[in-house]
Amino acid sequence: MKAIGVLGVGALTEKVVRGLRRGGFSAPIYLSPRNVERAESLARDYDCDVLADNQAVVDASRILLLGVRPDQLESLAHSVDIGPRHQLVSFISGVSHRELMRLFGTDKTIRSMLSYAAETNSTNVVLNPPSKEITALFDSLGTLVPVEREDQFELATVAACMNGWFYFLLHDLHRWIADKGFDPAQSRQLILGSLSDCIAYARLREDQSFANLGKSIATSGTYTALGLEMLDLHQANAAWSAACEIVLDALLTKTQEGDRK
């Protein structure tokens, strides 16, 4: 196993480190000192080392995980000297391979997108381009989704945003049931159970489209169909499509601006 360096110890990279350790990764993990409290806590609980600066992390590592915010990336790039032995794995949305190569001077870049569920080893892990080395490294984090083209990766990033939107949908449904007088803890279990049931049955019936699975339940005259009619009346699904379109447009604009530099 090759040593990993984390440049930018934020919420997402913290979850990745936890998932890697829980998945059996035992090689050294070196952390940049930025967000020192988070880094020191992670080092203490998951057998990592916080080094003096970004370059020290680079010098000690073979694989580098980039987890800073996009507006901090140029400053990070100026603070390090990346060599030909390094593999960069970027979790930064909207920053293309071309922009990473311009900033860091290497074409050994992988773009990855995953969620906080990396901590529980149950996330989708999107990789562009596919890489045997990084696939093997991230295999324990969840389900690998390798994509060949960068435009496919941007679409996968939109899907990752849906992960965050789902929580607000669950919040509204949970609050509605609880406000009607149901025990909040039980309400939470009902909502999570309904979602889990849906996922489990959809995985079982992979031969069926999501729409056909829904239609098999929301048959004419059922209460499910009654509620679905109201959702259609308010164009609930159109709002989700609009959210996807605006995020995709923002991502493509961001990457195109970076590529023109």
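Counting with the numbering used here, you get residues -3 to 257 for the letters of the sequence shown. Every residue, glycine too, gets a C-beta built ideally from N, C-alpha and C. A quick note: this is a predicted structure, and the numbers were derived from the prediction, not measured.
*Can you tell me the Cβ-Cβ gap for S89 and L247, rounded? I've got them flagged as a contact below 8 angstroms.*
As a position in the sequence shown, residue 89 is number 93, starting the count at 1. As a position in the sequence shown, residue 247 is number 251, starting the count at 1. That belief holds up - the Cβ atoms of S89 and L247 are roughly 7 angstroms apart, short of 8 angstroms.
*Can you grab the Cα-Cα spacing for the pair G63 / L3, in whole Å?*
Translated into the one-based positions of the sequence shown, residue 63 becomes position 67. Translated into the one-based positions of the sequence shown, residue 3 becomes position 7. Answer to the nearest angstrom: the Cα atoms are 6 angstroms apart.
*Relative to the C-alpha of E70, which residue among V46, S190 and L96 is closest?*
Mapped onto the sequence shown, residue 70 falls at position 74. Closest by alpha carbon: L96.
*Work out the CA separation of Q51 and D77 for me, nearest whole Å.*
On the sequence shown, position 81 is the one that residue 77 refers to. On the sequence shown, position 55 is the one that residue 51 refers to. Looking at the two C-alpha atoms, the distance is approximately 7 angstroms.
*Is the distance from the Cβ of S28 to the Cβ of G1 below 9 angstroms?*
Along the sequence shown, one-based indexing puts residue 28 at 32. Along the sequence shown, one-based indexing puts residue 1 at 5. Their beta carbons are under 9 angstroms apart, which means S28 touches G1 by this criterion.
*What are the boundary residues of the beta strand (DSSP E) that includes S108?*
Working through the sequence shown from its first residue, we reach residue 108 at position 112. T105 to M109 is the extent of the beta strand (DSSP E) around S108.
_What residue range does the alpha helix (DSSP H) around T220 cover?_
As a working note, residue 220 is residue 224 in the sequence shown. Segment Y219 to L229, the alpha helix (DSSP H) holding T220.
*What whole-angstrom Cβ distance do V121 and L137 have, given they're in contact under 8 angstroms?*
The count along the sequence shown starts at 1 and reaches residue 121 at position 125. The count along the sequence shown starts at 1 and reaches residue 137 at position 141. Correct: roughly 5 angstroms between the Cβ atoms.
*Nonlocal neighbours in the same chain, by C-beta distance under 6 angstroms from T131, ignoring five residues either side*: Sequence index remark: in the sequence shown, residue 131 carries index 135 (1-based). If we look at T131 and ignore the five residues flanking it on each side, its Cβ neighbours are L140.
_For I187, which residues in the same chain have their Cβ closer than 8 angstroms to its Cβ, ignoring the five residues on either side in sequence?_
As a working mapping, residue 187 is identified with position 191 in the sequence shown. So the list reads L166, L169, H170 and I173, once near-sequence residues are dropped.
*Three-state secondary structure (DSSP) of S136*: What you label residue 136 is simply residue 140 of the sequence shown in a count that begins at 1. DSSP places S136 in helix when its eight states are reduced to three.
*Note down, one range per segment and in chain order, each beta strand (DSSP E) of at least 3 residues found wholly within the stretch 40 to 67.*
59 to 62
*Check the DSSP bridge columns for L123 and list the partner residues they point to.*
On the sequence shown, position 127 is the one that residue 123 refers to. S108 and P142, per the DSSP bridge assignment.
*the stretch 206 to 216 contacting the stretch 111 to 121, beta-carbon criterion three pairs below 8 angstroms*: no
*Per DSSP, which residues does S118 bridge with? Please list them.*
Along the sequence shown, one-based indexing puts residue 118 at 122. BP columns for S118 are empty, so no partner.
_Am I right that S108 and S86 are in contact with their C-beta atoms under 8 angstroms? What's the rounded C-beta distance?_
In the sequence shown, counting from the first residue as 1, residue 108 sits at position 112. In the sequence shown, counting from the first residue as 1, residue 86 sits at position 90. Yes, S108 and S86 are in contact; Cβ-Cβ is about 7 angstroms, under 8 angstroms.
_Under the three-state DSSP convention, the category S264 falls into_ = Lying outside -3 to 257, the shown extent of the chain, residue 264 is not represented and no answer is given.
_Between the CA atoms of Y197 and I242 - distance to the nearest angstrom_ = Position 246 of the sequence shown, counted from the start, is the residue given in the question as residue 242. Position 201 of the sequence shown, counted from the start, is the residue given in the question as residue 197. Whole-angstrom Cα-Cα distance: 31 angstroms.
*Bounding residues of the beta strand (DSSP E) (the contiguous stretch that carries G1)*: The count along the sequence shown starts at 1 and reaches residue 1 at position 5. I0 to L3 is the extent of the beta strand (DSSP E) around G1.
*Could you give the DSSP three-state label for I25: helix, strand or coil?*
Taking the sequence shown and counting its residues from 1, the one referred to as residue 25 is at position 29. Of the three classes helix, strand and coil, the one that applies to I25 here is strand, per DSSP.
*Rounded to a whole number of angstroms, what is the C-alpha to C-alpha distance between R58 and C240?*
Taking the first residue of the sequence shown as 1, we reach residue 58 at position 62. Taking the first residue of the sequence shown as 1, we reach residue 240 at position 244. Distance between the alpha carbons of R58 and C240: 36 angstroms.
_G79 vs R34 beta-carbon contact at 9 angstroms_ = Here the question's residue 79 lines up with position 83 in the sequence shown. Here the question's residue 34 lines up with position 38 in the sequence shown. No, these two residues do not count as a Cβ contact at 9 angstroms.
*For the alpha helix (DSSP H) that F178 lies in, which residues bound it at each end?*
Position 182 of the sequence shown, counting from 1, holds the residue named residue 178. Here F178 belongs to no alpha helix (DSSP H), and DSSP marks it neither H nor E.
*Secondary structure at G101, three-state DSSP: helix, strand or coil?*
Translated into the one-based positions of the sequence shown, residue 101 becomes position 105. Looking at G101 - three-state DSSP - the assignment turns out to be coil, as it is neither helix nor strand.
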